[in-house]
Structure formats: structure tokens, C-alpha cells
Amino acid sequence: MPFTHVLATKLGAKLTEVRKNKTCPWLRPNGKTQVTVEYNNDGCAIVPIRVHTVLISTQHDETVNNDQIAKDLKEHVIKPVISLQYLDDRTIFYLNPSGRFVIGGLHGDAGLTGRKIIIDTYGCWVLMVEVLSRARILPRWTGVVRTYAIGVAEPLLVFVATYKTVKIPDKDILALIK
Numbered sequence: 001m002p003f004t005h006v007l008a009t010k011l012g013a014k015l016t017e018v019r020k021n022k023t024c025p026w027l028r029p030n031g032k033t034q035v036t037v038e039y040n041n042d043g044c045a046i047v048p049i050r051v052h053t054v055l056i057s058t059q060h061d062e063t064v065n066n067d068q069i070a071k072d073l074k075e076h077v078i079k080p081v082i083s084l085q086y087l088d089d090r091t092i093f094y095l096n097p098s099g100r101f102v103i104g105g106l107h108g109d110a111g112l113t114g115r116k117i118i119i120d121t122y123g124c125w126v127l128m129v130e131v132l133s134r135a136r137i138l139p140r141w142t143g144v145v146r147t148y149a150i151g152v153a154e155p156l157l158v159f160v161a162t163y164k165t166v167k168i169p170d171k172d173i174l175a176l177i178k
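Here it is, written out as C-alpha cells:
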């Protein structure tokens, strides 16, 4: 499995663990994780260098503030899961970037069951009305990979790879996109 997938899955499992064992009694069951990693291509293999971004959005009770959430998530969820060799002073932590997340589950998301997931997966194709759909579909047409997170205005990662099929260098295309 991809390293980012393994880390994000382990973060989700750790969220469940610290909720159930009451290490973080303010946690509630709805949570989302995302990890962005920087890699080095040494010619033979692509090797992870460092974790660039950790995103955790998790439901919580009304008694806790965002500072306590960030402190507890770093101490009890992130540090036990992600080896310190991959975390550095440049690692970006988005911990509940949308702010308070008290209402979760079915009450927190409107719409028909399954509709949002399917439209995000396959795209809306006719009208680009959903921000997340536009962010994913348009790069297919431009040969660009972008990683977004709910609650964060700018992309977490922008990557261009033309494999020398165009006359403009990748770095110049990347500068135009950013």
C-alpha cells in the first residue's frame, strides 16, 4: 500500500483507540485523516523523505477548545503513529482546520445516502458546481496533480509531471499554476 495510505489509516485507527480508551474523552466517532509525503527519486526507487502535511478533522464534544484538540492529537495520535524521522519543523499540521466539529455523522452531512461520495468519485461532468469536484476533475485535463483538504483554501500539494512531452519545463508550468 502507498505510504500515505498506511499512515492515514493508522491515524484513523489511533483516533478510534484513544476515543474508546478515553485518553481523549472529548473525541466523537466521526473523523477524517490525510497525509502528504515528500519523496526523493534516487533513480531506482521513490523513497519517502519527510511528512509534509498531516490533516486530521475529528468530531468532538462541546467542552473542548481547538488548542486542546491540537495538543492532544499531536501527543496521543500523531506522535505514536508517525515516526519522528519523518516529522520536522516544516511539517504542517491541519488539525480541525474548519473549526468546531461538534455535529457529525448523518446529522452533519446533508443529502441522499451515498450521493456525495459517488459524485465526488466520478465527477459531475456537466456543471462544475462542487468545489472538491472542480479541484479533482480539472487537473485531469491539465496534467496536474493537486491535493486538497476540506477547510483549507490552498492546495496542500501541487505536482506537475509531463515526462518531457512538452516544450515548457515542468517547473515553469508549476509556477503558472501556483
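Numbering-wise, the sequence shown is residues 1 to 178 according to full-length UniProt numbering. Note that the Cβ used here is the ideal one computed from N, Cα and C, for glycine as well. Only a predicted model underlies this, so the values are computations on that prediction, with no experimental measurement involved.
For residue j and residue i, the rounded distance between their alpha carbons
| i | j | result |
| --- | --- | --- |
| W171 | I177 | This sequence places Lys at residue 171; Trp is not what is there. Going from the Cα of K171 to the Cα of I177 covers about 10 Å. |
| A149 | Q34 | 8 Å |
| V81 | K167 | 43 Å |
| D61 | A70 | 14 Å |
| S133 | E75 | With a pLDDT of only 49 at S133, under 50, the local geometry of the prediction cannot be trusted, and the value read off the model is given with reservation. Whole-angstrom Cα-Cα distance: 34 Å. |
| K32 | G99 | 14 Å |
Same chain only: Cβ atoms within 6 Å of residue i, ignoring 5 sequence neighbours per side
| i | result |
| --- | --- |
| S4 | Per the sequence presented here, residue 4 reads as Thr, with Ser not at that position. Same-chain partners within the cutoff: V35 and V37. |
| T91 | V51 |
8 Å Cβ cutoff, residue i in contact with chain C
| i | result |
| --- | --- |
| R50 | Among the protein chains of the structure shown there is no chain C, as only one such chain exists. |
Exposure label - residue i; buried when at least 16 CB within 10 Å
| i | result |
| --- | --- |
| T63 | exposed |
| V6 | exposed |
| R19 | buried |
| C44 | exposed |
| I78 | buried |
| L157 | exposed |
| V131 | Confidence is the limiting factor: at V131 the pLDDT is only 48, short of 50, which leaves the residue's position unreliable, though a coordinate-based value still follows. V131 should be labelled exposed. |
| A13 | exposed |
| A175 | exposed |
Closest Cα partner of residue i within the set the options
| i | options | result |
| --- | --- | --- |
| I49 | N40, L55, S57 and I56 | N40 |
| K10 | K22, A45 and I56 | I56 |
| L73 | L156, D89 and L15 | L15 |
| P2 | V47, D67 and V145 | V47 |
| L27 | Q85, N65 and A8 | N65 |
8 Å Cβ cutoff met for residue i and residue j
| i | j | result |
| --- | --- | --- |
| Y94 | T53 | yes |
| P97 | V160 | no |
Proximal residues to residue i (C-beta, below 7 Å), its chain only, five neighbours per side dropped
| i | result |
| --- | --- |
| L87 | V51 |
| F101 | S57, T58, Q59 and H60 |
| T23 | H76 |
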